[in-house]
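Numbering (our numbering), first residue to last: 4 to 313. Taking it in order: structure first as structure tokens, then the write-up.
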Ligand SMILES: Cc1cc2nc3c(=O)[nH]c(=O)nc-3n(C[C@H](O)[C@H](O)[C@H](O)COP(=O)(O)OP(=O)(O)OC[C@H]3O[C@@H](n4cnc5c(N)ncnc54)[C@H](O)[C@@H]3O)c2cc1C
């Protein structure tokens, strides 16, 4: 029996621990927070957005950066495999708008409890409030893991410590350090899929707050005014800036342009009618404004009080 240590009990660590346990390993899951799956629990506004029903090509297309890198992983374990597994554990799911998959109960807690039940079934020891501080290597092999409480011997360790976003959920980027200490190269970290803040007066005034735009083209502009990247998707104005799929997808390029242009202030452009060229747009606006005028006239005549007979 191999002794496996899984470091971190987020979505990845829970799956790794369950599968290692199912395959017959002795597994210890070390989690630094007081519960597993904290970040998983805040996805989908606290309902746990488990996966999406889209096909593999769509997943790849919608992955920021080099999505093709994930082909191999999806081939081995797809969204459908995940749902089959969860269903076999008794977790019922439902598909909502945009193919988003949630637990039927709308409860992230149910997803967490299901994992806890299965971890127990495979005798995985879960240690909460136990942050890993280092990984020990001997003769080019991982042989142990040290926490702030104890040292554990192991045949292999799986680093599942997540990224560096939302540190309150426990993911503070520890895994990057562990990987680096083991000789891996860590590329520059940058935020992605995050809302974008703005100090523009028309946003600060809150006049547009809550306004959502369907299928618009949002672009991040370079210093010379040319487009660095454009994404045609929905977006939303908020009290602090912009959000929604198009804004989230553009966000990493805002950060990259901030570095390129050495300023916090990056210009963005919204094309509300990306399918229309200049001439078509002019015609569209003209026809919109004349139909508005017609409607206003009709309303005026309806609202006029009837003529009084003298
Ligand atoms: C607000 C928000 C909304 C999101 N919405 C969605 C969504 O709708 N759909 C979707 O698919 N994804 C969504 N995501 C992304 C998703 O939550 C993450 O991709 C996912 O949680 C990553 O899982 P993970 O296991 O890799 O990392 P994490 O979930 O971050 O788990 C890492 C775990 O490792 C633990 N850990 C860290 N360091 C140590 C250490 N030294 N020792 C021991 N334990 C340690 C942490 O405490 C944590 O429990 C959202 C993320 C956020 C922040």
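The beta carbon of each residue, even a glycine, is placed where N, CA and C say it ideally should be.
- Residue 239 carries a strand assignment under DSSP once its states are collapsed to helix, strand and coil.
- When the beta-carbon positions are compared, residue 135 and residue 33 come within less than 7 Å of each other.
- As a beta-bridge residue in DSSP terms, residue 274 pairs with 220.
- For residue 258 against residue 194, the beta-carbon gap comes to about 6 Å, under 8 Å, which counts as contact.
- If you draw a 10 Å sphere on the C-beta of residue 291, you find fewer than 16 other C-beta atoms in it, and that means exposed.
- Secondary structure of residue 139 (DSSP, three-state): strand.
- Between ligand 1 and residue 174, a heavy atom-to-CB distance of less than 6 Å is present.
- DSSP places residue 6 in the uninterrupted beta strand (DSSP E) bounded by 6 to 10.
- Contact between the segment 13 to 27 and the segment 143 to 157 is absent: fewer than three C-beta pairs spanning the two stretches fall below 8 Å.
- In this structure residue 250 touches residue 198 by the C-beta definition: roughly 6 Å separates them, less than 8 Å.
- Annotation: the continuous beta strand (DSSP E) that includes residue 147 extends over 144 to 150.
- Residue 192: not part of any beta strand (DSSP E); DSSP gives it neither H nor E.
- If you draw a straight line from the Cα of residue 94 to the Cα of residue 53, it comes to about 11 Å.
- Excluding residues up to 5 positions away in sequence, 29, 157, 158 lie with their Cβ nearer than 6 Å to the Cβ of residue 6 in the same chain.
- Taking a contact to require three or more Cβ pairs closer than 8 Å, the segment 161 to 178 and the segment 223 to 233 do not qualify as touching.
- Beta-bridge pairing by DSSP links residue 104 to 54, 98.
- Put simply, the backbone Cα of residue 279 is about 14 Å away from that of residue 289.
- The beta carbon of residue 70 lies closer than 7 Å to those of 63, 64 in the same chain, with the five residues before and after it left out.
- Between ligand 1 and residue 169, a heavy atom-to-CB distance of less than 6 Å is present.
- Annotated three-state conformation of residue 269 is coil, per DSSP.
- When beta bridges are read from the DSSP output, residue 29 appears opposite 6.
- Excluding five sequence positions before and after residue 8, the CB atoms of its chain that fall closer than 7 Å to its own CB belong to 31, 33, 148, 155, 157, 160, given in chain order.
- Cβ contact annotation for residue 247 (same chain, cutoff 6 Å, sequence separation greater than five): 237, 238, 239, in chain order.
- Between the C-alpha atoms of residue 141 and residue 188 there is a straight-line separation of about 20 Å.
- Distances taken from the Cβ of residue 66 to the heavy atoms of ligand 1 include none shorter than 6 Å.
- Residue environment analysis places residue 41 among the buried positions, since at least 16 neighbouring C-beta atoms fall within 10 angstroms of its C-beta.
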